[in-house]
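S.K.: Just so you know, we're using the numbering used here here: the sequence shown kicks off at 5 and counts up by one.
All C-beta atoms, glycine included, are put in the ideal place defined by N, C-alpha and C.
One structure follows; several queries about it will come next.
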Amino acid sequence: MAVQAAGLNPSDVKIRAGGGARSAEAIQFPYVAGREAAGRVVEVGAAVADLEPGDEVFAFFGWAARPGGHAERLVVAASALARRPVGIPVEQAAGLPLAGLTALQGLEALQPRPGDRVLVTSGSGGVGHLGVQLAVALGCEVIATTGPANLAFVRELGAAEVLDYRDPDHRRRLREVPYLLDSVGPQNIASYLPCLSPEASVAAVAGMPSEVPDGITITPIRCEASSERLGRLAALMTESRLSVTVQQVFPLEDAAVAHRVLEGGHVRGKLVLAVGP
Ligand SMILES: NC(=O)c1ccc[n+]([C@@H]2O[C@H](COP(=O)([O-])OP(=O)(O)OC[C@H]3O[C@@H](n4cnc5c(N)ncnc54)[C@H](OP(=O)(O)O)[C@@H]3O)[C@@H](O)[C@H]2O)c1
């Protein structure tokens, strides 16, 4: 695959900073970061029947020890890529796979029905801003949390109610919420447990709390490579029911600057690296 643009994710930053890996096998040197990209097929293996050179694709490559997306060329399993959404800028396509698949898996774990209330914490983050839109597309009533600068942004994504997480009283507005998609972390989930219904379901994208009250189900989410799910996300984008907000595009040589911005923890949507033509 010839990479045109590649998404940047907190896992890239955590691994570069010496964390994020669960075992020594999780990283191989020389390490090239980047777990998602959009570009063009250069060559296909003998067993690949439905793709040919020149096809426009995008992919999340899984948790390989040498992911390699922040580079001009890489080898990707056909099972990890899909055709890019039609008519969508390549930078947006590059920012979709990891966060979009994670949000989709989270909602598949929760299985809310149309009309159900779903709380999406960090409605402005990479996972959260897609989670809000995907839950809205399912017909759910979305309540989201974000900081003061992002309240209007998250409302525009379709959330029925947006709460400022920095307001110490905002949890009082939440009662008996049946579903929570969290991409902030274990302490954040713990802080919302009193706001949930006794048999609530929680999808935990950024870690599990140590203690969970009886009756509440918490499912850890780990993004999986999936051509089929990517195809569904691409279709939603093509139908204008899902969009990726790209806060900023950096040239590949400024990847270090992009890492620092992401490390700040306040990106709206995604950061993307522009890689090739
Ligand atoms: N398990 C997996 O497979 C998987 C997949 C993807 C991501 N993740 C993890 O999920 C986490 C989120 O990643 P991401 O890429 O979605 O986003 P991100 O870039 O880490 O999120 C930044 C956003 O979070 C908001 N935010 C920060 N603290 C918040 C709080 N306490 N409550 C509500 N919103 C808050 C910020 O809003 P303000 O600027 O307004 O503060 C900002 O818009 C990371 O830890 C990442 O490693 C895991």
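1. Do L277 and A207 have their CB atoms nearer than 7 Å?
2. Can you check DSSP and say which residues form a bridge with Q252?
3. Here's the rule: buried if 16 or more other CB atoms are within 10 angstroms of the residue's CB, otherwise exposed. What is S244?
4. Could you spell out the range, first to last residue, of the beta strand (DSSP E) harbouring Y35?
5. Determine the direct distance from the alpha carbon of A229 to that of S83, and round the result to whole angstroms.
6. Mind checking who F64 pairs with in its DSSP beta bridge?
7. Using the Cβ count rule (16 or more neighbours within 10 Å means buried), how would you classify T106?
8. Which runs of the alpha helix (DSSP H) spanning at least 4 residues fall entirely within the stretch 75 to 133, listed in chain order?
9. Assuming V1 and E76 are in contact, meaning their beta carbons sit under 8 Å apart, how far apart are those beta carbons, in whole angstroms?
10. How far does the alpha helix (DSSP H) with D16 in it extend, from its first residue to its last?
11. Could you name the residues of the same chain whose beta carbon sits closer than 7 Å to that of V131, not counting the 5 residues immediately before and after it, in chain order?
12. Per DSSP, which one or two residues make a beta bridge with P224?
13. Pairing CB atoms from the stretch 265 to 272 with CB atoms from the stretch 175 to 183, are three or more of them under 8 Å?
14. If you reduce the DSSP assignment to three classes, tell me which class A153 lands in.
15. Quick one: measure Cβ to Cβ for A6 and R39, integer angstroms, because I've assumed they're closer than 8 Å.
16. Alpha carbons only, please: which of E112, Y169, L167 is nearest the one belonging to G141?
17. Using DSSP bridges, identify the partner residues of D186.
18. Under the assumption that G162 contacts V136 (Cβ atoms under 8 Å), give the Cβ distance between them as a whole number of angstroms.
19. So the candidates are L178, L167, V146; which of them puts its Cα closest to the Cα of P152?
20. Whole angstroms are fine: how far does the CA of R236 sit from the CA of A100?
21. Please classify A63: is it buried, with 16 or more other beta-carbons within 10 angstroms of its beta-carbon, or exposed?
22. Where do the ends of the alpha helix (DSSP H) carrying R166 lie?
23. Nearer than 6 Å: is that true of the beta carbon of S128 relative to any heavy atom of ligand 1?
M.R.: Concretely, from the data shown:
1. Note that the C-beta distance between L277 and A207 is not below 7 Å.
2. Beta-bridge partners of Q252 (DSSP): L275.
3. Result: exposed.
4. Looking at the DSSP string, Y35 is not in any beta strand (DSSP E), and its letter there is neither H nor E.
5. If you take the alpha carbons of S83 and A229, they lie about 7 Å apart.
6. Looking at the DSSP assignment, F64 forms a beta bridge with E40.
7. By the C-beta density criterion, T106 is buried, having at least 16 other C-beta atoms within 10 angstroms.
8. You should have 94 to 99, 101 to 114.
9. Outside the modelled stretch of the chain, which goes from 5 to 281, sits residue 1, for which no answer is possible.
10. Looking at the DSSP string, the run of the alpha helix (DSSP H) that includes D16 is 14 to 20.
11. Excluding sequence neighbours, V131 sits near A103, T106, A107, S187, V209.
12. Beta-bridge annotation (DSSP): P224 is paired with A208.
13. Segments in contact, no.
14. Of the three classes helix, strand and coil, the one that applies to A153 here is helix, per DSSP.
15. Not quite, the Cβ-Cβ distance comes to about 17 Å (not below 8 Å), so this is no contact.
16. Note on residue identity: the sequence assigns Ala, not Gly, to residue 141. Distance check between A141 and each of E112, Y169, L167 places E112 closest, using alpha-carbon atoms only.
17. A208.
18. About 6 Å; that satisfies the 8 Å criterion.
19. Minimum Cα distance to P152 is reached at L167.
20. For the record, residue 100 in the displayed sequence is Leu; it is not Ala. Their Cα atoms are separated by approximately 12 Å.
21. By the 10 Å Cβ count, A63 comes out buried.
22. Per the sequence shown, residue 166 should be read as Val rather than Arg. Not the alpha helix (DSSP H): V166 falls in the beta strand (DSSP E), residues 165 to 168.
23. Under cutoff, so the answer is yes.
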